[in-house]
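Here is the structure we will look at.
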Amino acid sequence: MRVLLVDDEERMVAALRRGLAAEGFVVESAADGSTGLRLAQHGDFDAVVLDVMLPGLSGYEVVRRLRAQANWVPVLMLSAKDGEYDQADALDDGADDYLIKPFSFVVLVARIRALLRRGARARPVVLSAGELKLDPASREVWVQDAPADLTPREFVLLEYLIRNAGRVIGKAELLDHVWDSATEVAPNAVEVYVGYLRRKIGSDQLLTVRGVGYRLLP
Numbered sequence: 081m082r083v084l085l086v087d088d089e090e091r092m093v094a095a096l097r098r099g100l101a102a103e104g105f106v107v108e109s110a111a112d113g114s115t116g117l118r119l120a121q122h123g124d125f126d127a128v129v130l131d132v133m134l135p136g137l138s139g140y141e142v143v144r145r146l147r148a149q150a151n152w153v154p155v156l157m158l159s160a161k162d163g164e165y166d167q168a169d170a171l172d173d174g175a176d177d178y179l180i181k182p183f184s185f186v187v188l189v190a191r192i193r194a195l196l197r198r199g200a201r202a203r204p205v206v207l208s209a210g211e212l213k214l215d216p217a218s219r220e221v222w223v224q225d226a227p228a229d230l231t232p233r234e235f236v237l238l239e240y241l242i243r244n245a246g247r248v249i250g251k252a253e254l255l256d257h258v259w260d261s262a263t264e265v266a267p268n269a270v271e272v273y274v275g276y277l278r279r280k281i282g283s284d285q286l287l288t289v290r291g292v293g294y295r296l297l298p
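Counting in my numbering, the sequence shown runs from 81 upward without gaps.
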């Protein structure tokens, strides 16, 4: 069984490589998000163990990009963050499991074996809200059955809005979920991209709730 380990803590990675090898795994590792993404895209791995906080691309962004490319390799995310929203974000982005640091090596191996027994997840269904349809796997969007050409950022924004259709979403929440934490974001980024999105999907369905945020009509 081949496992990709993506983490920038050198001592931990060295220890995990030795331990996993002793358990019969073939392990390859990467110390940053960009390298980890490239290896996961092109390597034939049975599972990926992925840290959240990485140089370059965060673990959240890595798993988002894998799922957007219809790569359903099982992903176990590692993080020192133990908040329920951190875990929810990881699972919402496409991770299959979440383990909080520090962790037991025995538990890590058990979680990996559980993922391998489950295998890759099924392709997600097409999301819809009103006259909008969005396919997370193919990265396609349709408005009244006509294809819409969205940038990667616009796509992620629309996907989050569709998944939360009918609910008012504040700007801070959108920044947390749509923009990578390692990226410098302009204060008016949300307003700018909502404007871009409205021009492509129409303004009637994406409403501004003054002083609060935005709501996509279901």
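In this text, a Cβ means the ideal position worked out from N, Cα and C, and glycines have one as well.
It should be emphasised that the depicted structure is a prediction, and the values quoted were computed from it without experimental measurement.
Please go through the same chain and pick out, in chain order, the residues whose beta-carbon is closer than 6 Å to the beta-carbon of residue i, but skip the five residues on each side of it.
{"i": "Leu119", "result": "Leu84 and Ala110"}
{"i": "Trp259", "result": "Val265"}
{"i": "Val143", "result": "Val155, Asp173, Gly174 and Ala175"}
{"i": "Leu241", "result": "Leu296"}
{"i": "Asp225", "result": "none"}
{"i": "Gly246", "result": "Pro298"}
Mind checking which residues open and close the beta strand (DSSP E) that includes residue i?
{"i": "Gly293", "result": "Gly293 to Leu296"}
{"i": "Thr288", "result": "Leu286 to Val289"}
{"i": "Ala127", "result": "Ala127 to Asp131"}
{"i": "Ala266", "result": "No beta strand (DSSP E) holds Ala266; DSSP gives it neither H nor E."}
{"i": "Ser114", "result": "No beta strand (DSSP E) contains Ser114, which is instead part of the alpha helix (DSSP H) from Gly113 to His122."}
{"i": "Pro227", "result": "Ala226 to Ala228"}
Taking buried to mean at least 16 other C-beta atoms within 10 Å of its own C-beta, is residue i buried or exposed?
{"i": "Gly123", "result": "exposed"}
{"i": "Phe105", "result": "buried"}
{"i": "Tyr294", "result": "buried"}
{"i": "Asp169", "result": "buried"}
{"i": "Asp340", "result": "There is no way to answer for residue 340, as the model of the chain reaches only from 81 to 298."}
{"i": "Tyr165", "result": "exposed"}
Under 7 Å Cβ to Cβ from residue i, same chain only, skipping five residues before and after it: list those, please.
{"i": "Tyr276", "result": "Glu234"}
{"i": "Ala262", "result": "Here the model assigns Ala262 a pLDDT of 46, short of 50, so the residue's position is not dependable and the matter cannot be decided."}
{"i": "Arg243", "result": "Leu207"}
{"i": "Arg278", "result": "Leu286"}
Excluding the 5 residues flanking residue i on each side, which residues of the same chain have their C-beta closer than 8 Å to its C-beta?
{"i": "Asp162", "result": "Ile180"}
{"i": "Leu196", "result": "Met81, Asp126, Ala127 and Pro154"}
{"i": "Leu171", "result": "Tyr178"}
{"i": "Val289", "result": "Val248 and Arg295"}
{"i": "Phe183", "result": "Leu158"}
Using DSSP's beta-bridge definition, name the partner residues of residue i.
{"i": "Arg82", "result": "Val106"}
{"i": "Glu220", "result": "Asp215"}
{"i": "Asp177", "result": "Leu156"}
{"i": "Ala209", "result": "Leu212"}
Taking residue i as part of the alpha helix (DSSP H), name the residues at either end of that continuous run.
{"i": "Lys251", "result": "Lys251 to Val258"}
{"i": "Val190", "result": "For the sequence presented, residue 190 should be read as Ala rather than Val. Phe185 to Arg198 is the span of the alpha helix (DSSP H), which, as asked, contains Ala190."}
Three-pair Cβ contact test at 8 Å for the segment 157–165 versus the segment 130–138: Using a C-beta cut-off of 8 Å, the segment 157–165 makes contact with the segment 130–138, since at least three inter-stretch Cβ pairs fall below that distance.
The segment 248–256 contacting the segment 221–234, beta-carbon criterion three pairs below 8 Å: Taking 8 Å as the limit for Cβ pairs, the verdict is that the segment 221–234 does not touch the segment 248–256.
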